[in-house]
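Student: Got a structure here, written out as structure tokens. Questions coming.
Protein chains in written order, with the working numbering: chain A, 356 to 469; chain B, 8 to 117.
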């Protein structure tokens with residue numbers, strides 16, 4: 356059974372720093388991996404989706420990488436801003452799961468200090 | 008274009024009461040989902056619907072029922088609420104791999 360872990364649960368960094376959020380998964384037979392952002396009291400917004408055949412995806416200051424062999428993905432945020440403060444969740448879809456089931460990590464709550 | 012909407016935003020129930028959470032999407036998506044999110048845990052899939060007229064169980068379906076009323080609407084029903092069902096419930100829809108989420112319903116069962 357696929358398990359997705361995100362450590363640490365919370366992270367606080369000063370504004371302007373580059374930072375990396377981690378996501379690990381137990382079964383490398385993944386179909387894709389997504390990173391989501393969740394603001395307090397709101398729903399999730401998809402940030403980046405990496406297919407199993409890809410190594411990374413970029414959107415603006417965000418770069419997500421995928422290493423299936425080690426069961427890891429990272430989300431790199433460049434030049435962090437207070438507006439980046441939110442909870443970031445990763446989610447994995449496995450090859451053996453039915454069409455639309457994905458497994459979420461519990462998230463990393465990120466706080467950017469001005 | 009409202010995306011995915013959910014009603015109500017917040018609800019308090021007593022143990023044993025029933026209620027229906029409503030979800031609607033205006034993006035003409037085929038697939039719709041219901042998740043619950045508990046503190047310190049990721050989202051867990053309750054039920055999903057791959058297309059109008061079909062539904063399937065997710066990871067935690069016990070105590071819930073769903074109805075895919077039409078392509079736009081997907082409702083979640085709690086027949087006899089229990090304190091363990093206190094949670095935040097999210098509805099989502101998708102056409103491809105990307106899921107679009109509603110703002111959530113906060114449910115407290117006393």
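Built from N, CA and C at the ideal position, the CB exists for glycine as well.
Throw me the rounded Cβ distance for the residue 461(A) and residue 364(A) pair, which I believe falls under 8 angstroms.
Tutor: 7 angstroms
Student: Going straight from the alpha carbon of residue 68(B) to that of residue 94(B), what length do you get?
Tutor: 14 angstroms
Student: Which full runs of the beta strand (DSSP E) of 3+ residues lie inside the segment 373-418 of chain A, going along the chain?
Tutor: Runs of the beta strand (DSSP E) inside the segment 373-418 of chain A: 374-380, 385-393, 399-406 and 411-414.
Student: Among residues of its own chain, excluding the 5 on either side of residue 102(B), which ones have a beta-carbon nearer than 8 angstroms to its beta-carbon?
Tutor: Answer for residue 102(B): 34, 35, 36, 37 and 38, listed in chain order.
Student: Check the Cβ of residue 23(B) against every Cβ in chain A and list those closer than 9 angstroms, keeping chain order.
Tutor: Proximity of chain A to residue 23(B) at the Cβ level (cut-off 9 angstroms) is not reached, the minimal Cβ distance being about 28 angstroms.
Student: Are any of the Cβ atoms in chain B nearer than 9 angstroms to that of residue 421(A)?
Tutor: no
Student: Are there 16 or more other CB atoms within 10 angstroms of the CB of residue 17(B), so buried, or fewer, so exposed?
Tutor: exposed
Student: Spatial neighbours of residue 423(A) within its chain, please: C-beta separation below 8 angstroms, excluding the five flanking residues on both sides.
Tutor: Exclusion of the five residues before and after residue 423(A) leaves 383, 385 and 407 as the residues of its chain whose Cβ lies within less than 8 angstroms of its Cβ.
Student: Could you give the residue range of the beta strand (DSSP E) that holds residue 369(A)?
Tutor: 365-369
Student: Which residues in chain A sit within 7 angstroms of residue 104(B), going by Cβ to Cβ distance?
Tutor: For a Cβ distance threshold of 7 angstroms, residue set 387 and 404 of chain A lies close to residue 104(B), ordered along the chain.
Student: For residue 397(A) and residue 425(A), what's the separation of their Cα atoms in angstroms?
Tutor: 32 angstroms
Student: Between which two residues does the beta strand (DSSP E) containing residue 467(A) stretch?
Tutor: 463-468
Student: Quick one: which chain B residues come within Cβ less than 8 angstroms of residue 401(A)?
Tutor: Neighbours of residue 401(A) on chain B, chain order: 105, 106 and 107.
Student: How would you list, in chain order, the residues of chain A whose beta-carbon sits under 8 angstroms from the beta-carbon of residue 97(B)?
Tutor: 398 and 399
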